[in-house]
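Below: one structure, written as structure tokens.
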Amino acid sequence: MLLELPKHAEIFGCVKFHEIQKVLKFESEAFESPLLKGITKDEMDEVLCRMVVVVPVKNEKLHLLDGVLRSIPTGCDIIVVSNSQRGENDIFRMEKDVVSSFHRVTKHPVAIIHQKDPGLGIAFKEAGYTEILDDTGFVRDGKAEGMVIGLSLAKSTGKDFVCFVDADNYIPCSVNEYIRLYAAGFIISQSPYSMVRLHWKYKPKVMEDRLYFRKWGRVSEITNRYLNLLISIHTGFETNIVKTGNAGEHGMTIKLAEIMAYSTGYSVEPYQLVYLLEEFWKGETKFKEAVNSGIEVYQIETMNPHVHEDKGDEHIREMLLGSLSTIYYSKLANDMIKKEITEELKKNEMIKRKGELKKNRILPPIKGMNIEKFVETLLDYSETLTMLSKEA
Ligand code: GDP
Ligand code: CO
52 MLLELPKHAE
62 IFGCVKFHEI
72 QKVLKFESEA
82 FESPLLKGIT
92 KDEMDEVLCR
102 MVVVVPVKNE
112 KLHLLDGVLR
122 SIPTGCDIIV
132 VSNSQRGEND
142 IFRMEKDVVS
152 SFHRVTKHPV
162 AIIHQKDPGL
172 GIAFKEAGYT
182 EILDDTGFVR
192 DGKAEGMVIG
202 LSLAKSTGKD
212 FVCFVDADNY
222 IPCSVNEYIR
232 LYAAGFIISQ
242 SPYSMVRLHW
252 KYKPKVMEDR
262 LYFRKWGRVS
272 EITNRYLNLL
282 ISIHTGFETN
292 IVKTGNAGEH
302 GMTIKLAEIM
312 AYSTGYSVEP
322 YQLVYLLEEF
332 WKGETKFKEA
342 VNSGIEVYQI
352 ETMNPHVHED
362 KGDEHIREML
372 LGSLSTIYYS
382 KLANDMIKKE
392 ITEELKKNEM
402 IKRKGELKKN
412 RILPPIKGMN
422 IEKFVETLLD
432 YSETLTMLSK
442 EA
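Per the numbering used here, the sequence shown runs over residues 52 to 443.
Listed below in structure tokens is the structure:
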């Protein structure tokens, strides 16, 4: 793969946000200049083998899940975390069928588990991570909760990287690109604490009778604007560095993923940036090793357009509210930014009055969790975990 190297980065304490990088070619010889990096297939394969891909899914079309699984590069382990419907119309069972036939034919290692598995509730409790549980002892609904399940299982594999891809993707090959871009970011990175966030140039829409490649996207623009403002009010310099506030697709080294906090609802991705700034720029973090190594955030623009399920206006609304809430309630926000967010939401008719914005619940880092205990308990009590290895 031939990739632009970031020409510019902004530094906030030990956190470095790199400028957007573009992919110039999917395949390349080994090559290195100050502006470009050529990554060979062998180099890429080596990193892919150290990667776990987590696919959160909730009632998506089975066709889409199937396409996503089949375009994940060889070498990566896959963990599907489903919160899909059970009962009479058992979508989870159908997903399990999709996963099994994928494995039967390809022998690609894959695991699937249901978010409401009572074993997960018991395992998280035993491991000392109760923040993810509801009053009845089950894991709560939500994508962030699904991600934390995936992350906990990924950590137990001993691999180095955890990456996320959504299950509602209409272009299977774009998933293959996403995962290779994560790997490319980890190859470029000098730090064991790194994150790669993807930026889509286009989100095509069908307009009348043709495909229109619309520059993405409105919520994203607003979220990025306020994240940048949050930075600017502290540095005194206007910035545009954040381009991936709502980057649904991202990957991290496990070392970074386990010291991150996760915001619930539809705000997990913007909150990651807020958290990094709060914890490692202005805050007194307890994660000193990360401070010494430095944390790198890469933003890479994909070649493939992003086409996913249209979940409607209410979903967009939830996303904007969730995203702006993480900024509004940040320790770094001042009265000026809070006022601007309130005005923005009123203008978009999202809220009527000041103080109506809901605060997101935050899941703490899993670093303190006892992973051995978690896995041991899960294996004892799980009702839905299916693990299909290379040999099976
Ligand atoms: P968007 O793409 O960020 O607008 O949000 P989506 O609704 O497409 O969600 C992203 C991914 O998370 C999709 O694959 C969803 O099926 C999945 N997802 C949504 N809610 C949940 C949940 O409660 N649990 C799990 N495990 N996955 C979820
Ligand atoms: Co989606």
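Where a beta carbon is used, it is the ideal one built from N, C-alpha and C, also for glycine.
Just so we're clear, the structure is a prediction, and the values are computed from it rather than from any experiment.
For Y349, the enclosing beta strand (DSSP E) begins and ends at I346 to E352. Looking only at E70, A234, G193 and D211, the smallest Cα-Cα distance to D93 is reached by A234. DSSP, reduced to helix, strand and coil, places T274 within a helical segment of the structure shown. By a beta-carbon distance limit of 8 Å, V358 contacts P255. Their separation comes to about 6 Å. Rounded to the nearest whole angstrom, the C-alpha separation of K418 and I402 is 36 Å. In this structure, E352 places its C-beta atom within 7 Å of the C-beta atom of I71. At a cut-off of 6 Å, the beta-carbon of A218 counts as near the ligand GDP: some heavy atom of the ligand is closer than that. Taking C-beta atoms as the reference points, V106 and A218 count as a pair closer than 7 Å. The region 360–372 and the region 83–90 do not touch, with fewer than 3 CB-CB distances between them shorter than 8 Å. E196 is classed as buried because its beta carbon has at least 16 other beta carbons within 10 Å across all chains shown. DSSP places S133 in the strand class (E or B) of the three-state scheme. Distances from the CA of K176 to each of K441, L328, T437 and F425 were compared; the closest alpha carbon is that of F425. The residues E182, I183, A195, E196, V199, A312, Y313, S314 and T315, in chain order, have a CB closer than 8 Å to that of L414 in the same chain once the five nearest residues on each side in sequence are set aside. For F68, the enclosing beta strand (DSSP E) starts and ends at V66 to K76. Between the ligand GDP and the CB of E182, the shortest heavy atom gap is not smaller than 6 Å.
If you check the CB distance, C65 and F237 do not come in under 7 Å. Taken through DSSP and simplified to helix, strand or coil, H165 comes out as strand. Taking 7 Å as the cut-off, the Cβ atoms of L53 and G89 count as close. Between the ligand CO and H285, a heavy atom-to-CB distance of less than 6 Å is absent. Burial is judged here by how many other beta carbons sit within 10 angstroms of a residue's own beta carbon; S440 has fewer than 16 and is exposed. Look at M420 here: in three-state DSSP terms it is coil, with no helix or strand label.
DSSP places R248 inside the beta strand (DSSP E), whose first and last residues are Y244 to H250.
Distances from the CA of P243 to each of V213, L430 and T286 were compared; the closest alpha carbon is that of V213. Secondary structure of A234 (DSSP, three-state): helix. Partner residues in a beta bridge of E335, as assigned by DSSP, do not exist.
Where F143 is concerned, the enclosing alpha helix (DSSP H) starts and stops at I142 to T157.
Scanning the region 354–436 from its first residue to its last, the whole alpha helix (DSSP H) runs of 4-plus residues come out as 364–379, 386–398 and 422–432.
The beta carbon of I310 lies closer than 7 Å to those of F338, A341, P416 and K418 in the same chain, with the five residues before and after it left out. Between A178 and N421, the alpha-carbon positions lie close to 5 Å from each other. Using a cutoff of 6 Å, the CB of H359 counts as near the ligand CO, since one of the ligand's heavy atoms is closer than that. A straight-line Cα-Cα distance of about 9 Å links E146 and S135. Contact check between the region 202–210 and the region 221–229: fewer than three CB pairs, one atom from each, fall below 8 Å, which does not count as touching. Per the DSSP secondary-structure output, P160 pairs with nothing in a beta bridge.
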